[in-house]
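Please read the structure below before turning to the comments.
2 protein chains.
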Amino acid sequence: MIKHDYHHGNLKEEFITIAMDFIAKEDVEKLTLKVLSDATGTSRSAIYKHFKNKDALIETIIERGFDKFDVETTPNLKDNSKALVDKFYLTGKLYVEFARKNPNLYRLLFGKKYAHIREEILSIKDEDCSGFAALQKTVEDGQKQGVLKKEESYKQAIVIWATMHGISSLIIDGFMDVENVYEDMYDTLFETLLTGLMANKVKIISTVPVLKKLLQPKN
Amino acid sequence: MIKHDYHHGNLKEEFITIAMDFIAKEDVEKLTLKVLSDATGTSRSAIYKHFKNKDALIETIIERGFDKFDVETTPNLKDNSKALVDKFYLTGKLYVEFARKNPNLYRLLFGKKYAHIREEILSIKDEDCSGFAALQKTVEDGQKQGVLKKEESYKQAIVIWATMHGISSLIIDGFMDVENVYEDMYDTLFETLLTGLMANKVKIISTVPVLKKLLQPKN
DNA sequence: TTTCTTATGTTAACATTGTTCACTTTAAAC
DNA sequence: GTTTAAAGTGAACAATGTTAACATAAGAAA
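So the protein lines, in turn, are chains W and B. Residues in the first sequence are numbered from 23 upward in steps of one, following the working numbering. Residues in the second sequence are numbered from 23 upward in steps of one, following the working numbering.
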């Protein structure tokens with residue numbers, strides 16, 4: 023007679039941890055209930071005592087994922103000790119680096135497959151707390167300071183996001199072999215973006231080397 | 023005794039057609055062998071007489087998909103009757119519109135899930151024929167004409183692609199409700215991109231209204 | 001302490017998935 | 001006309017998510 027460990031303790035949290043660790047290494051598609059039951063030493067149906075179904079676990083993963091994403095990226099935007107363009111530069115870099123370091127999680131958060139779950143989560147969350155809201159607010163600050171062109175802030179924010187999302191996706195989905203030239207690529211991308219967004223006649227201050235060079239007055 | 027239609031005729035091509043039609047409406051993930059067998063009135067294993075496995079069918083779909091994509095987008099880049107910036111503007115627009123009209127196919131072509139199949143296909147195809155090569159060449163033309171900044175053409179091409187891929191992905195993956203303001207959004211995006219890429223001192227000609235306005239000399 | 005209830009686990013079973021295998025039928029080559 | 005290979009069939013497999021009936025353990029109630 024095999025002795026079973028009933029009442030594992032904190033099995034629910036353990037499922038979540040294992041799932042997140044798994045996604046850190048492999049694609050969400052490969053995360054099966056068997057993976058979870060094997061890792062916890064439970065049966066394949068044990069999870070249903072803690073989650074309604076697999077999607078409910080995924081939902082939790084997405085929530086945690088967005089928390090992690092927010093913690094690693096948005097604080098920069100709100101750090102007013104930094105020059106405005108530097109905030110954009112650094113936050114953008116952190117964005118791309120998050121995607122590079124957590125490709126499977128990034129795809130889970132920003133891909134199509136679980137869009138229905140994401141939308142449910144984001145509709146509940148306070149919209150003003152989202153990263154995009156912080157981005158848009160920073161764009162508005164930039165316009166007030168005369169650094170950015172006067173334009174609908176929503177549209178400018180989308181342009182910035184699309185740029186960062188684009189380069190991140192190309193990298194993690196296998197279209198670029200940029201392990202080495204990644205920083206160089208990012209600088210070119212950001213220079214182009216910032217140049218396109220900037221207003222003309224204002225002196226802009228930055229402490230980021232590549233931006234200093236870009237922003238120094240020409241002829 | 024049921025009479026079976028042995029030797030269907032062109033079942034292989036029919037599988038491909040049905041699969042492409044399916045993807046035009048629903049996500050690749052929902053394309054099962056049962057869908058194909060039901061639609062053709064065959065058994066679920068019939069497909070194995072024409073394709074090694076499901077992935078082999080997907081491979082064919084991806085090949086056809088890239089053909090379709092190339093036909094609908096790249097010819098513009100090679101049309102030298104158009105002004106250079108207009109080529110970029112129009113091709114970019116066609117790119118985003120392709121994604122909007124064929125979201126499931128776009129995701130299949132440019133997503134991660136079947137990246138291994140895509141890479142196999144693209145490694146066989148003549149690289150110089152790819153859309154990216156055409157883009158890079160146009161970038162080089164732009165530099166020669168003094169329209170674009172002198173910069174590594176590869177990097178500039180990546181910047182353009184990332185921008186278009188980013189906005190396309192955001193739209194089709196459910197982050198923007200731009201059914202109405204889509205053209206407006208694209209114009210803003212393109213203006214920003216072009217402004218960032220342009221060289222300074224050259225008069226640039228365009229017949230696209232929004233670009234005319236952008237390019238007319240200021241101050 | 002004993003009993004009851006509920007949370008939390010188990011096993012067995014199901015439909016659906018892609019896939020393989022032995023078999024059957026048809027078309028065409030000889 | 002016979003043979004052969006191409007192109008279909010159905011049964012079976014393992015893996016998937018899921019459900020249902022059952023088992024156990026922990027803690028509240030007696």
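Built from N, CA and C at the ideal position, the CB exists for glycine as well. Predicted model, so just to flag it, every value in this text is computed and none were measured.
Residue from the options whose Cα sits closest to the Cα of residue i
| i | options | result |
| --- | --- | --- |
| residue 219 of chain B | W/222, W/212, W/221 | W/212 |
| residue 167 of chain W | W/224, W/70, W/215 | W/224 |
| residue 127 of chain B | B/148, B/80, B/104, B/108 | B/80 |
| residue 36 of chain W | W/61, W/50, W/123 | W/61 |
| residue 203 of chain W | B/174, B/76, B/182 | B/174 |
| residue 58 of chain W | W/50, W/69, W/116 | W/69 |
| residue 233 of chain W | W/191, W/106, W/178, W/38 | W/106 |
| residue 77 of chain B | B/113, B/38, B/184 | B/38 |
| residue 214 of chain W | B/182, B/188, B/200 | B/182 |
| residue 134 of chain B | W/197, W/31, W/155 | W/197 |
| residue 137 of chain W | B/114, B/49, B/72, B/140 | B/49 |
| residue 75 of chain W | W/121, W/44, W/139, W/147 | W/139 |
| residue 43 of chain W | W/191, W/73, W/160, W/86 | W/86 |
| residue 90 of chain B | B/147, B/120, B/72, B/114 | B/120 |
| residue 222 of chain W | W/200, W/172, W/151 | W/172 |
| residue 210 of chain W | W/71, W/147, W/114 | W/114 |
| residue 191 of chain W | W/141, W/129, W/147, W/160 | W/129 |
| residue 122 of chain W | W/200, W/235, W/73, W/237 | W/200 |
Unbroken alpha helix (DSSP H) run spanning residue i, endpoints
| i | result |
| --- | --- |
| residue 117 of chain B | 106-123 |
| residue 153 of chain B | 153-166 |
| residue 188 of chain B | 175-194 |
| residue 93 of chain B | 76-95 |
| residue 62 of chain B | 55-62 |
| residue 140 of chain B | 137-146 |
| residue 42 of chain B | 33-47 |
Residue i burial status per 10 Å Cβ neighbour count (16 or more: buried)
| i | result |
| --- | --- |
| residue 205 of chain W | exposed |
| residue 46 of chain B | exposed |
| residue 23 of chain W | Because the pLDDT of residue 23 of chain W is 29, which lies under 50, any placement of that residue in the model is unreliable, and the question is left without a value. |
| residue 64 of chain B | buried |
| residue 195 of chain W | buried |
| residue 226 of chain B | buried |
| residue 124 of chain B | buried |
| residue 98 of chain W | buried |
| residue 109 of chain W | buried |
| residue 100 of chain W | exposed |
| residue 187 of chain W | buried |
| residue 96 of chain W | buried |
| residue 103 of chain W | exposed |
| residue 82 of chain W | buried |
| residue 66 of chain W | exposed |
| residue 145 of chain B | exposed |
| residue 26 of chain W | Confidence at residue 26 of chain W is low in this model, with a pLDDT of 47, below 50, so the placement of that residue should be treated as unreliable; the coordinate-derived value is given next. Residue 26 of chain W comes out exposed. |
| residue 241 of chain W | Per-residue confidence for residue 241 of chain W stands at a pLDDT of 42, beneath the threshold of 50, marking its modelled position as unreliable; the derived number appears in the next sentence. Exposed, since its Cβ has fewer than 16 Cβ neighbours within 10 Å. |
Inter-residue CB distance, residue i and residue j (contact presumed, cutoff 8 Å)
| i | j | result |
| --- | --- | --- |
| residue 118 of chain W | residue 176 of chain W | Actually they do not touch by this definition, with Cβ atoms about 22 Å apart. |
| residue 242 of chain B | residue 41 of chain B | No answer is possible for residue 242 of chain B: the residues shown for chain B start at 23 and end at 241. |
| residue 131 of chain B | residue 88 of chain B | 6 Å |
| residue 84 of chain B | residue 143 of chain B | 6 Å |
| residue 164 of chain W | residue 157 of chain W | That pair is no contact at about 11 Å. |
| residue 189 of chain B | residue 184 of chain W | 4 Å |
| residue 94 of chain W | residue 116 of chain W | 6 Å |
| residue 92 of chain B | residue 31 of chain B | About 29 Å; that fails the 8 Å criterion. |
| residue 217 of chain B | residue 217 of chain W | 6 Å |
| residue 149 of chain B | residue 155 of chain B | 6 Å |
Residues that residue i bridges to, as DSSP identifies them
| i | result |
| --- | --- |
| residue 236 of chain W | None; residue 236 of chain W has no bridge partner. |
| residue 170 of chain B | B/220 |
Heavy atom of the ligand NAD within 7 Å of residue i beta-carbon
| i | result |
| --- | --- |
| residue 76 of chain W | What this structure holds is no ligand at all, so the ligand NAD is not there to describe. |
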